[in-house]
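Encoded as structure tokens, the structure appears first; notes follow it.
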Amino acid sequence: MVETKKGIEFAFLSLAIGLAAFMVSLDGFIVNVAIPTISGGLGIRDDLGTWIITLFTMSSTLFVPLTGWLAQRIGSIHLFGIATLWFSLFSFLCGIAHNFPLLLFFRVLQGAAAGLLIPLTLSLILATFPQNKKSIAIGFWSFFVMVAPAMGPMVGGWFSNYHWAWLFYVSVPIGLFCGITVVVLLWGHKEEKIHLPLDWVGMSLIFLGLGTLQVALNRGQLHDWFRSPFITTLFLISFLSLTFFFIWEVFQKNPFLEIYRFRKWNFSLATLFMGTAMGVLFSSFILDSLWVQSTLGYTPAWAGYTLTPVGVFPLLMYPIMGKIVGKLDRRIWMSVSFALYACTFFWLSHINLHSPFWQLALPRLVQGIGFAMFTIPISLIVIEGVAPERMNFVVGLFSFARMMFVALSIPLVTTLWIHRRAFYRSRIMEQTFAENPVFTDLLARFRTLPISEKQLDGLTTDLIVSQANCLGLADIYYLFGWIFVALVAGVFLLKPKSRATV
2 MVETKKGIEF AFLSLAIGLA AFMVSLDGFI VNVAIPTISG GLGIRDDLGT WIITLFTMSS
62 TLFVPLTGWL AQRIGSIHLF GIATLWFSLF SFLCGIAHNF PLLLFFRVLQ GAAAGLLIPL
122 TLSLILATFP QNKKSIAIGF WSFFVMVAPA MGPMVGGWFS NYHWAWLFYV SVPIGLFCGI
182 TVVVLLWGHK EEKIHLPLDW VGMSLIFLGL GTLQVALNRG QLHDWFRSPF ITTLFLISFL
242 SLTFFFIWEV FQKNPFLEIY RFRKWNFSLA TLFMGTAMGV LFSSFILDSL WVQSTLGYTP
302 AWAGYTLTPV GVFPLLMYPI MGKIVGKLDR RIWMSVSFAL YACTFFWLSH INLHSPFWQL
362 ALPRLVQGIG FAMFTIPISL IVIEGVAPER MNFVVGLFSF ARMMFVALSI PLVTTLWIHR
422 RAFYRSRIME QTFAENPVFT DLLARFRTLP ISEKQLDGLT TDLIVSQANC LGLADIYYLF
482 GWIFVALVAG VFLLKPKSRA TV
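Quick note, in the working numbering, the sequence shown goes up one by one and the last residue is 503.
Next comes the structure, spelled out in structure tokens:
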């Protein structure tokens, strides 16, 4: 356990840990809106530029389970200091990378540090706050983690107007402040160190299985899925690796992932709900950002502004939710939250090519209310009854599962959008014939413009593509709405809170 600090020391310690969580979460999303800018600066295609996001996500996800093992070997405080300095170093190196392969290499190493910090920040916050204020501690941590994805596109848009390197440089002073502050304030604190053996076989299998699965999902559309021997081989390797991983872990005394914890009904459901909600929400952030830039002509900064409102209510609500979450059944908080999400996604499914800014931003503002109302109850369910010395392992397992949902959801949803766009483009093209009065009227209006026939064909094609993009995204949002309706019903499968003190 970390010695409880008071006064100014407690404030600085909490702020440093919270900012570290914010920094890591921000860096996962700050690059999203700047992919075209980075790709252009390095002279590569946009589809290759997405590997900057993919490899960071893969690396951070795969290194999360190592947190518990490393924390027991060298101590949580030392690990935090090393990880923050490591993150700062490779953030700087990402900024000065002069070619694409070098940037990807540094991005992988930056992601590895991020993977260690994600569960470590939560376990340190829980250890820093008094035992009877766990809900407030989770609310404090959740604020930093959940607001960052909303701010990421906006901040990314700002910096990409100057130079994309600043997307990475911004993390350097934050990381240095966080690492130095925590180590200085907790210097001399003694932690029990346990030298457990590392499950190298389990780690290798999960790295191979999830790594190949992530690559297959990201590149499947480009290579025509199972018609490609390359993609088929990746899926086969992933399936065999993950199958052997689960068999291997069952019989291990010190497993790489404590998958036996999924025997607990509430833990399994809470992980499923959090993973699904985060996967849907973060996928919608990506699609929204891509759509408003490619179809509505928004700048990266304005694309960020459409998402930023989601962070307004968490800023106000997390301090309050930490105090009142125990007043009602946790399932009620979660069901109201998921119902709000369902309503906002049904609302967003009515977008069109003339949707004003407020129609995109206002639903995100409402979603911010839901953010605060489900993250704290779910986190409390996950850590319920967990011994302090196992906290890093449990938080690591939960974070790993949540991040895997997000990492796998983004390519799946993006692929679904591509298919819906192609479907609507085909349907619209079927209506572009001379006997269709709507089409002929549109052509007549276009011909009043001072453009050539070739330009007219291009204008017509652009309009068809834009409309197909919009209709495809509307379908995705409609599907998201029904997913949250299902989550509302599923919440009541959770068992009521146990009598154990949380």
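For each residue, glycine too, the CB sits at the ideal point set by N, CA and C. Keep in mind that this is a model prediction, so the values were computed, not measured.
1. Assess contact between the region 359-368 and the region 388-398, defined as three or more Cβ pairs (one per stretch) separated by less than 8 angstroms. Is contact present?
2. Could you give the distance in angstroms between the alpha-carbon of Leu-329 and the alpha-carbon of Ile-484?
3. Could you tell me the distance, in whole angstroms, from the CA atom of Thr-272 to the CA atom of Thr-461?
4. Just curious, the alpha helix (DSSP H) that Val-492 is in, first and last residue?
5. Figure out for me which residue from Leu-118, Thr-68, Trp-52 has the closest Cα to the Cα of Leu-103.
6. Which value, in whole angstroms, describes the spacing of the CA atoms of Ala-21 and Gly-176?
7. Expressed to the nearest angstrom, what Euclidean distance is found between the alpha-carbon atoms of Lys-513 and Phe-169?
8. Pop quiz: Leu-495 and Arg-332 are said to be a contact at Cβ under 8 angstroms. What is the actual Cβ separation, rounded to whole angstroms?
9. So, under 8 angstroms CB-CB, Val-183 and Gly-42 are touching, yes? Tell me the CB distance rounded to an integer number of Å.
10. If you check the beta carbons only, do Gly-514 and Glu-250 fall under 8 angstroms apart?
11. On the CB-based measure, 16 or more other CB atoms within 10 Å of its CB, does Trp-201 come out buried or exposed?
12. Hey, how far is the Cα of Trp-159 from the Cα of Pro-301?
13. Less than 8 angstroms between the C-beta atoms of Ala-166 and Asp-28, yes or no?
14. Please name the residue in Phe-358, Ile-370, Tyr-163 whose C-alpha comes closest to that of Ala-340.
15. How many whole angstroms separate the CB atoms of Val-486 and Gly-305, which I take to be in contact at a CB cut-off of 8 angstroms?
16. So, helix, strand or coil for Arg-46, using DSSP?
17. Below 7 angstroms CB to CB, which residues in the same chain sit around Leu-110 once its five sequence neighbours on both sides are set aside?
18. Just curious, the alpha helix (DSSP H) that Gln-132 is in, first and last residue?
19. Between the alpha carbons of Asp-476 and Tyr-299, how many angstroms are there, rounded?
20. Considering Cα atoms alone, identify which of Ile-97, Ile-126, Ala-217, Gly-180 is closest to His-164.
21. So, using beta-carbon positions, are Asn-267 and Ile-382 closer together than 8 angstroms?
22. To the nearest angstrom, how far is the alpha carbon of Arg-46 from that of Ile-54?
23. Tell me the rounded alpha-carbon separation between Val-173 and Lys-455.
24. For Ile-411 and Glu-259, what's the separation of their Cα atoms in angstroms?
The structure says:
1. No, because fewer than three Cβ pairs between the region 359-368 and the region 388-398 fall closer than 8 angstroms, the two stretches do not touch.
2. Counted from its first residue, the sequence shown places residue 329 at position 328. Counted from its first residue, the sequence shown places residue 484 at position 483. Roughly 24 angstroms separates the two Cα atoms.
3. As a position in the sequence shown, residue 272 is number 271, starting the count at 1. As a position in the sequence shown, residue 461 is number 460, starting the count at 1. Near 47 angstroms, if we compare the C-alpha coordinates of Thr-461 and Thr-272.
4. Residue numbering aside, residue 492 sits at position 491 when the sequence shown is read from its first letter. Bounds of any alpha helix (DSSP H) do not take in Val-492, whose DSSP letter is neither H nor E.
5. In the sequence shown, counting from the first residue as 1, residue 103 sits at position 102. Nearest of Leu-118, Thr-68, Trp-52 to Leu-103, Cα basis: Trp-52.
6. To locate residue 21, count along the sequence shown from 1; it is residue 20. To locate residue 176, count along the sequence shown from 1; it is residue 175. Between the alpha carbons of Ala-21 and Gly-176 lies a distance of about 7 angstroms.
7. For the chain, the structure presents residues 2 to 503; residue 513 sits outside this window and is missing.
8. Walking along the sequence shown from the start, residue 495 turns up at place 494. Walking along the sequence shown from the start, residue 332 turns up at place 331. Right, their Cβ atoms sit about 6 angstroms apart.
9. For the purposes of this step, residue 183 is taken as residue 182 along the sequence shown, with counting starting at 1. For the purposes of this step, residue 42 is taken as residue 41 along the sequence shown, with counting starting at 1. Separation of the CB atoms of Val-183 and Gly-42 is rounded to 35 angstroms, and the pair is thereby denied contact status at 8 angstroms.
10. What the structure shows of the chain is the stretch from 2 to 503, and residue 514 is not part of that stretch, so it cannot be assessed.
11. By one-based count along the sequence shown, residue 201 stands at place 200. So Trp-201 counts as exposed.
12. Residue 159 sits at position 158 when you count from the first residue of the sequence shown. Residue 301 sits at position 300 when you count from the first residue of the sequence shown. If you take the alpha carbons of Trp-159 and Pro-301, they lie about 8 angstroms apart.
13. Within the sequence shown, residue 166 is the residue found at index 165, counting from 1. Within the sequence shown, residue 28 is the residue found at index 27, counting from 1. Asp-28 sits away from Ala-166, with the two beta carbons spaced by 8 angstroms or more.
14. The residue labelled residue 340 in the question sits at position 339 within the sequence shown. Looking at the Cα atoms, Ile-370 is the closest of the given residues.
15. Translated into the one-based positions of the sequence shown, residue 486 becomes position 485. Translated into the one-based positions of the sequence shown, residue 305 becomes position 304. So it is not a contact: roughly 29 angstroms between Cβ atoms.
16. Locating residue 46 in the sequence shown gives position 45, counting from the first residue. DSSP places Arg-46 in coil when its eight states are reduced to three.
17. Your numbering for residue 110 matches position 109 in the sequence shown. Cβ contact annotation for Leu-110 (same chain, cutoff 7 angstroms, sequence separation greater than five): Phe-91, in chain order.
18. Here the question's residue 132 lines up with position 131 in the sequence shown. Per DSSP, Gln-132 lies in no alpha helix (DSSP H) segment and is marked neither H nor E.
19. Taking the first residue of the sequence shown as position 1, residue 476 is located at position 475. Taking the first residue of the sequence shown as position 1, residue 299 is located at position 298. Asp-476 and Tyr-299: Cα-Cα distance of roughly 21 angstroms.
20. As a first step, residue 164 is located in the sequence shown; it is residue number 163 there, counting from the start. Selection Ile-97, Ile-126, Ala-217, Gly-180 evaluated against His-164 yields Ile-97 as nearest (Cα-Cα).
21. Counting from 1 along the sequence shown, the entry for residue 267 is found at position 266. Counting from 1 along the sequence shown, the entry for residue 382 is found at position 381. Yes.
22. Taking the first residue of the sequence shown as 1, we reach residue 46 at position 45. Taking the first residue of the sequence shown as 1, we reach residue 54 at position 53. Arg-46 and Ile-54 have their C-alpha atoms spaced approximately 14 angstroms apart.
23. Within the sequence shown, numbered from 1, the residue matching residue 173 stands at position 172. Within the sequence shown, numbered from 1, the residue matching residue 455 stands at position 454. Between Val-173 and Lys-455, the alpha-carbon positions lie close to 50 angstroms from each other.
24. For the purposes of this step, residue 411 is identified with residue 410 of the sequence shown, where counting begins at 1. For the purposes of this step, residue 259 is identified with residue 258 of the sequence shown, where counting begins at 1. Taking the straight line from one Cα to the other gives about 26 angstroms.
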